[in-house]
Structure formats: C-alpha cells, structure tokens
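*Asks:*
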Amino acid sequence: MRKWASFPLREGDVSRQAHADFPEQAIYERETGRSGFFGPATHFHHRHAPTGWSDWQGPLRPRLFDLNQLTENQVESPWQVPLLLHNAHCKMRTWRVQEKMPYLVRNADGDELLFVHEGSADLYCDYGHLEIVEGDYVVIPRSTMWRLEPKSPMLLLMIEATNDSYQLPEKGLVGNHAIFDPAMLDTPKINEAFKAQYSEQSWQVQIKRHGQTSVVTYPYNPLDAIGWHGDLAVMRINWRDIRPLMSHRYHLPPSAHTTFVAQRFVVCTFVPRPIESDPGALKVPFYHNNDDYDEVLFYHAGDFFSRDNIEKGMVTFHPAGFTHGPHPKAFQAGQEYRKKFTDEVAVMLDTRDALEIGEAALATENPAYVNSWQVT
1 MRKWASFPLR EGDVSRQAHA DFPEQAIYER ETGRSGFFGP ATHFHHRHAP
51 TGWSDWQGPL RPRLFDLNQL TENQVESPWQ VPLLLHNAHC KMRTWRVQEK
101 MPYLVRNADG DELLFVHEGS ADLYCDYGHL EIVEGDYVVI PRSTMWRLEP
151 KSPMLLLMIE ATNDSYQLPE KGLVGNHAIF DPAMLDTPKI NEAFKAQYSE
201 QSWQVQIKRH GQTSVVTYPY NPLDAIGWHG DLAVMRINWR DIRPLMSHRY
251 HLPPSAHTTF VAQRFVVCTF VPRPIESDPG ALKVPFYHNN DDYDEVLFYH
301 AGDFFSRDNI EKGMVTFHPA GFTHGPHPKA FQAGQEYRKK FTDEVAVMLD
351 TRDALEIGEA ALATENPAYV NSWQVT
C-alpha cells in the first residue's frame, strides 16, 4: 500500500518512536494503521485510555464467546459441526470427537488447519500415519482423505482456508529458521501402523464441497498408498516448537508471531516469552485500530495477561472499526512492571474480510464483555 507521506509527520508532544518513551502527560498510545500491522500507521498519544467508553449501543462491539458451552459440536462428522465465525474465505469451527472414525473425510472446499486444544489421536490420511497431541497444528491440504482414532477425548479448533491454501510466512531479515525451523515440520509416515489399516473391506468417504456432503463408497480402504514423493503433504508442528521473536526494548506487533498465511487471512500463535525490560518500552499489547482486519483470539492455555476473566476454550472477537487493547488491570500491571514473563498460549485469526457470527457462537456470548474495559 502506498504511503501518504515518505517520512513520519509530527504534531504536538510525541515520542520519537512507536511503543516507547511516551510523553510524561500522556501514557496512552493508540496505533491506527492499514493492512493489518504491515501498512502505513500513525501513533496518537492520549490523556485517557482509548477504550474508556461508558456505554455502547449497536452491533459493532467487542465480543466474547465461551465455546466450552457448545454442545452442537459433539457430532460424528466434522462436516456436521456448526460454523462459529466465517466469511467467503475462512471458516472457523470446533469439533469434539471421542470415537474412532469409521469412515474417511475429505474437504474439497479448501485447506483445513486443525489445532489440538485437548486430547490426542492417531491420524490416518493419504500420506500415511501421524500421531497428534495437545498443542499440535495439523495442516491438511485440500481434498486429502483423513480420519482420526482418538486416544483420549479431543477438542479441535478447525480453520478452513476456503478455496485457498496455507503457506508459511515470509521471514525476511530474521531468516528462514526464525520463529520455527522448517525442519520441525513433521509429515505422516507409511509405517507399520499405516500398513495395518490396509483393507479389502468397504469404506466410505464423506466429501464436503460448497458446504454440502457427498458420500462415496469404495469396496476397499482407499488409504492404500505404498509411497509418495513431492512438496505437498500434511504437516504438523506443536506450539512448543515455536521460538517467538522478542525484543527487550520494543513491544513487537502481533504480525511478528505469524505462523500460517492464506491470501485473505493470517494465523498467529502467542506463546510464553519474556516481557520487555527496558524502562521506556511498552510492556503490554498497544491500543490499536486494526481497521482492515477482524481479529479473533482462541485461548488455549495459561494466564491471559491482557484480558480479565478469560479461560481456556474462550474466544474474543474484535471486528474492524474501533480501538481495542489491554484491560485496565493488565495495562496497570505493565506500567508497574509487575509481570516479567507471559504465560499464555493463544491462536489468533486475523481476516481481511468481515466475519459473520454463527448462531452456535451467539448462544455462548457473554454480552457484558463490552463493559470489561471500564475501570471499577
């Protein structure tokens, strides 16, 4: 995106750089920018918190969903679970699965990204066998056949890249091995477990296309590959293998934690890291207008220091169009250097196109969340 000016413009009392060394009379910084955190931006310094609203009327508001309350996602097939947040390019669901799948599934609409929130399983797919556990991301390319045999009850976060594919982010100056080394990506194996499921008995494949399911029957198990080669495959990485970018003197934007990209959205992962130690550096997420992207956070584990009363399995949704940032207690703790280390794991979904909210998600909404920035 073309910048309006070739140099930073200045007016009034300002800091010389973003997120550090604020003017004494204004401790609140607000970033307004374009193209997520990649485009031109301006930083305002305010006397009051930009989230200090006293009332909110109308549908554009920050929202909190407690997906632990969902019951509609305890179904036999992943194609039966309801949509939670979605648009033409991205679909987000959660799925509870406990029993061995007696059929295969195939998503002909786009790539599927599974995040294992709870449980473990054996995954069988076109490419072989893969053990998956809590904290794993699993990228399943479009039209791959797969099934799960849970070893313990599972709760999966599913993010579909509709009519699209997942890629790794460009890492630029920090190099290809930053954040996580591609060598940490695991692929399925044609091992003894995979060969043991070869079968001449009848198998069915549930194929999802345009949101509708077709069932194809084979007189044998179509997962019968004896080998494969190429540069397209199911991939797995655990959040524990991510080594986040950090700076003790500067609070990095969420884009620094990008894990996967598609054409119209990104998936980021927040993992434990040291908090900035420089006295002049911002210690908490900065107040910002992300006016081109809707922001979704799925809370997986830990102490979510920028939010009050958030538990694992919850989701916050901040649509584009208003300022948001840390809750008052988190901001104050950052000012007073109370926390030295983050202890949270969360999956962030940032979409370039507005997300619709499904009825199943609305049924779990906490309407008081919009007031959670008020000082009590």
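Letter 350 of the sequence shown, counting from 1, is numbered 350 in the UniProt record's numbering, and no numbers are missing. C-beta atoms are modelled at their ideal positions from N, C-alpha and C, and glycine is treated no differently.
Would you call the CB atoms of residue 205 and residue 188 closer than 9 Å?
*Replies:* Reading the sequence shown from its first residue, position 205 is the one you call residue 205. Reading the sequence shown from its first residue, position 188 is the one you call residue 188. No.
*Asks:* Can you list, in chain order, the stretches of the beta strand (DSSP E) that have 3 or more residues and sit fully within the stretch 147-186?
*Replies:* Counting only runs of 3 or more, we get nothing.
*Asks:* Does residue 254 come out as helix, strand or coil in the three-state DSSP assignment?
*Replies:* Position 254 of the sequence shown holds residue 254. Residue 254: helix per DSSP, three-state reduction.
*Asks:* Looking at the unbroken alpha helix (DSSP H) that takes in residue 192, where does it start and where does it end?
*Replies:* Counting from one through the sequence shown, the residue named residue 192 turns up at place 192. First-last of the alpha helix (DSSP H) with residue 192: 192-195.
*Asks:* Please report the Cβ distance between residue 134 and residue 119, rounded to the nearest whole angstrom; I am assuming they are in contact, meaning their Cβ atoms lie under 8 Å.
*Replies:* Looking up residue 134 in the sequence shown gives position 134. Looking up residue 119 in the sequence shown gives position 119. Indeed, because the Cβ distance is near 7 Å, the residues count as touching under 8 Å.
*Asks:* Helix, strand or coil, according to DSSP, for residue 103 in the structure here?
*Replies:* In the sequence shown, residue 103 corresponds to position 103, counting from 1. Of the three classes helix, strand and coil, the one that applies to residue 103 here is coil, per DSSP.
*Asks:* Name the one or two DSSP bridge partners that residue 346 has.
*Replies:* Indexing the sequence shown from 1 puts residue 346 at position 346. BP columns for residue 346 point to 270 and 299.
*Asks:* For residue 36, which residues from the same chain have a beta carbon less than 7 Å from its beta carbon, with the 5 sequence-adjacent residues on both sides left out?
*Replies:* Within the sequence shown, residue 36 is the residue found at index 36, counting from 1. Within the same chain, residue 36 has close Cβ partners 255, 290, 292, 293 and 350.
*Asks:* Grouping DSSP H, G and I as helix and E and B as strand, with all else coil, what is residue 134?
*Replies:* The sequence position of residue 134 within the sequence shown is 134, counting from 1. Of the three classes helix, strand and coil, the one that applies to residue 134 here is coil, per DSSP.
*Asks:* At which residues does the alpha helix (DSSP H) containing residue 360 begin and terminate?
*Replies:* For the purposes of this step, residue 360 is taken as the residue at position 360 of the sequence shown. Start and end: 359-362.
*Asks:* Counting Cβ pairs, one atom from each stretch, are 3 or more of them under 8 Å apart for the stretch 317-328 and the stretch 270-279?
*Replies:* The stretch 317-328 vs the stretch 270-279: no contact.
*Asks:* So what's residue 67 in DSSP terms, helix, strand or just coil?
*Replies:* Taking the first residue of the sequence shown as position 1, residue 67 is located at position 67. Residue 67 falls in the helix class under three-state DSSP.
*Asks:* Which same chain residues end up closer than 7 Å to residue 69 when comparing Cβ atoms and leaving out the 5 residues on each side of it in sequence?
*Replies:* Residue numbering aside, residue 69 sits at position 69 when the sequence shown is read from its first letter. These residues qualify, in order along the chain: 364.
*Asks:* Just mark residue 174 as buried or exposed, buried being the case when its beta carbon has 16 or more other beta carbons within 10 Å.
*Replies:* In the sequence shown, counting from the first residue as 1, residue 174 sits at position 174. It counts as exposed.
*Asks:* Within 10 angstroms of its Cβ, does residue 216 collect 16 or more other Cβ (buried), or is it exposed?
*Replies:* Within the sequence shown, the letter at position 216 stands for residue 216. Its Cβ having fewer than 16 others within 10 Å, residue 216 is exposed.
*Asks:* Based on DSSP bridge pairs, tell me the residues matched to residue 92.
*Replies:* To locate residue 92, count along the sequence shown from 1; it is residue 92. For residue 92, which the question treats as bridged, DSSP gives the partners 85 and 159.
*Asks:* Could you pull the start and end residues of the beta strand (DSSP E) that residue 204 belongs to?
*Replies:* Taking the first residue of the sequence shown as 1, we reach residue 204 at position 204. It spans 203-209 - the beta strand (DSSP E) in which residue 204 sits, taken as one unbroken run.
*Asks:* Let's test the definition: count the other Cβ atoms within 10 Å of the Cβ of residue 88 and tell me whether it reaches 16, buried, or not, exposed.
*Replies:* Here residue 88 is taken as the residue at index 88 of the sequence shown, counted from 1. Under this definition residue 88 is an exposed residue.
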